[in-house]
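A short worksheet on the structure shown next.
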Amino acid sequence: MLPLGGQRSGGSRKRGGTHSRRRAAPRRELLPLGGQRSGGSRKRGGTSMSRNDELFTRAQRTIPAGVNSPVRAFRSVGGTPRFFERGEGAYVWDADGKRYIDYVGSWGPAIVGHAHPAVVKAVVDIAPKGLSFGAPTEIEVEMAEKLCRLLPSLEMVRLVSSGTEATMSALRLARGYTGRSRIVKFEGCYHGHGDSLLVKAGSGALTFGQPSSAGVPEAIANETIVLPYNDLPAVEAAFAKEGKHIACIIVEPIAGNMNLIMPRAGFLLGLRTVCDKYGAVLIFDEVMTGFRVHPRGVQGLTGITPDLTTLGKVIGGGMPVGAFGGKRAIMEKIAPLGPVYQAGTLSGNPVAVAAGLATLKEIEAPGFYDALSARTKALTDGLASAAKRAGVPFAAQSAGGMFGVYFAAAVPDSYDAVMACDKARFAKFFHAMLDAGVYFAPSAFEAGFVSAAHTAEDVAATIARAEAAFSVLR
Ligand code: PMP
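Under the numbering used here, think of the first position of the sequence shown as 18, with each following residue one higher.
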């Protein structure tokens, strides 16, 4: 295991930090434990229906499962998804006016908290000047320069509008650059919903027990070699057999789409060595980990340099921005410099880029990551202690502002181990916390996220509510 973050068992707690935390609005009292399931329910035709229920019923008429991305549907935990009306700092409010301490943070982007004044201001300032031109703008050059400065492995970078686009483009580029067609990915890693990557994928694909999607032609899926995460001998064996056909390895260098799984010591370095030996491209998919775990991503944390990196989430600060970049010799194969086609009408649009740049400026504040990591570790340590007191088998760990909670006796470090966690218990815990005003990811296979806006009091309140939830679970 890398000495990245806070596994429950080791390491000293570091509290405090130097970054300033904002509290724009007066705090409402924290909800009592075991508060209402959904506040503000009202009578409709004799039956009591919350506004969340009403919206969910309405949404399902015109949107498949009522949601625009599968995990939001709450299918693996049951119940009604919460429709959010507002977010501010560490909190979100649902359609019934109930407030939650939010540990999803839009699945990672909200690293400085929701509706951070500097990020909102950047958007409001630039929007009146035009939303999108489909032509170059100065602000996207600024963004490219900033990304290349923050991640030294990026010699060139191109902006897109989602993580999926970033990984799809990086794959095509790796294939175009090497002239090879096969790719290696790892079981339980999610890299967006591109055809080649939806093979034994994580996140929503895993949540619904369909890690491989219908509609992906067999011919494409056959080009994807899926190996167990953290299993270097399996990688070496695959390359020994098919190395000359393999264009790239794509990996979540810390996996966050099958809950949080750390790379074993030597795993990432081993991938680097194998790629060098066989002339394959090493792609770190840092869509989630980029600027989440460390100011220089996992590559900065480990000192292992990929050939290409994909980014998203934090670099858009809540707006749609993704990016892929890396070695100049590879990036110069992109059209119109080279033969690998890639394009986007809204790529680099000024409003999204402004939100991203404002977010990146915040995270560069001295002490930002020390404080974020300490707060996240305080949360996972506190949850693990509360579970222990309640006698519930539970483990937790963190990496920067990302964390994992597991209904298992020990922190898992493989796909198989994470699959063996108690999913039914997670669902009960999730609902107890939701009732108590704490919003965790509605799936046992997602990482959690803490923002710089989460205070020590938020963490303490979360732990107190978890303690009550654990005692019921036992
Ligand atoms: N790669 C990783 C590692 C991700 O976590 C995600 C999204 N969770 C993606 C790619 C896809 O990003 P998007 O949802 O923005 O398309």
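C-beta atoms are modelled at their ideal positions from N, C-alpha and C, and glycine is treated no differently. As the structure is a computational prediction, the values presented were derived from the model and not from experiment.
Item, Value
"So, at 7 Å on beta carbons, what are the nonlocal neighbours of Gly56 in its own chain, with the 5 sequence-adjacent residues on each side left out?", "For Gly56, the predicted model reports a pLDDT of 42, less than 50, meaning its position is unreliable; a value from the coordinates is still stated below. These residues qualify, in order along the chain: Asp113, Gly114, Lys115."
"Does the distance between the C-beta of Glu204 and the nearest non-hydrogen atom of the ligand PMP fall short of 7 Å?", "no"
"Is Leu212 near the ligand PMP - that is, is its Cβ less than 7 Å away from at least one heavy atom of it?", "A quick correction: the sequence has Asp, not Leu, at residue 212. Result no, Cβ not under 7 Å from the ligand PMP."
"Closer than 7 Å by C-beta to Met173: which residues in its own chain qualify, once you throw out the five before and the five after it? Chain order, please.", "Gly342, Arg345, Met348"
"Would you say Asn85 touches the ligand PMP, meaning its beta carbon is less than 7 Å from a heavy atom?", "no"
"Taking a contact to mean a Cβ-Cβ separation below 8 Å, would you say Gly307 touches Gly314 in this structure?", "yes"
"Straight-line CA distance for Asp142 to Val409?", "50 Å"
"Is Gly9 near Pro323, with beta carbons less than 8 Å apart?", "The chain is shown from 18 up to 491; residue 9 falls before or after that span and cannot be answered."
"To the nearest angstrom, report how far apart Ile267 and Ala464 are at their CA atoms.", "19 Å"
"By a C-beta neighbour count over all protein chains shown, 10 Å radius and 16 as the cutoff for buried, is His131 buried or exposed?", "buried"
"Among Ala369, Ala135, Pro312, Thr393, which residue has its Cα nearest to the Cα of Glu381?", "Pro312"
"Quick check: the region 73-80 against the region 411-431, are at least 3 beta-carbon pairs closer than 8 Å?", "no"
"Quick one: does the C-beta of His133 sit closer than 7 Å to a heavy atom of the ligand PMP?", "no"
"Kindly provide the ranges of any beta strand (DSSP E) runs that are 3 or more residues long and lie completely inside the region 315-356, ordered along the chain.", "325-328, 339-343"
"In the structure shown, what three-state DSSP assignment does Val140 receive?", "helix"
"Looking at the secondary structure, which residues open and close the alpha helix (DSSP H) in which His386 lies?", "The amino acid occupying residue 386 in the given sequence is Tyr; His does not appear at that position. Tyr386 -> alpha helix (DSSP H) spans 385-407."
"Exposed or buried, what is Arg199 when buried is set at 16 or more other beta-carbons lying within 10 Å of its beta-carbon?", "buried"
"Within 10 angstroms of its Cβ, does Lys330 collect 16 or more other Cβ (buried), or is it exposed?", "buried"
"Could you tell me how far apart the beta carbons of Ile156 and Leu374 are, in whole angstroms, since I believe they sit closer than 8 Å?", "7 Å"
"Identify the continuous beta strand (DSSP E) that holds Cys265 and give its terminal residues.", "263-268"
"If you compare alpha carbons, which of Gly232, Pro337, Leu451, Ile242 is closest to Val304?", "Pro337"
"What would DSSP say about Ala426, mapped onto helix, strand or coil?", "coil"
"What does the Cβ neighbour count give for Lys240, buried or exposed, with the cut at 16 atoms within 10 Å?", "The sequence as given places Glu at residue 240; Lys does not occur at that position. Buried."
"Among residues of its own chain, excluding the 5 on either side of Tyr117, which ones have a beta-carbon nearer than 8 Å to its beta-carbon?", "Arg99, Tyr108, Val109, Trp110, Asp111, Leu451, Gly454, Val455, Tyr456"
"Please find out if some non-hydrogen atom of the ligand PMP comes closer than 7 Å to the beta-carbon of Met419.", "no"
"If we ignore side chains and look at the alpha-carbon of each, how far apart do Ala191 and Gln316 end up?", "19 Å"
"Which of helix, strand or coil does DSSP assign to Ala485?", "helix"
"Rounded to the nearest angstrom, what separates Gln414 and Thr393 at their Cα positions?", "9 Å"
"Going along the chain, which residues of its own chain have a beta-carbon closer than 6 Å to the beta-carbon of Arg103, five neighbours each way excluded?", "Trp110"
"So, are the CB atoms of Gly122 and Ser468 less than 8 Å apart?", "yes"
"Tell me whether Gln77 sits in a helix, a strand or coil according to DSSP, three-state version.", "helix"
"Could you give the distance in angstroms between the alpha-carbon of His133 and the alpha-carbon of Ala371?", "13 Å"
"Please state if the CB of Asp119 and the CB of Thr97 are separated by a distance shorter than 8 Å.", "no"
"Going by the beta-carbon positions, is the gap between Val298 and Gly399 smaller than 8 Å?", "no"
"Please classify Lys261: is it buried, with 16 or more other beta-carbons within 10 angstroms of its beta-carbon, or exposed?", "exposed"
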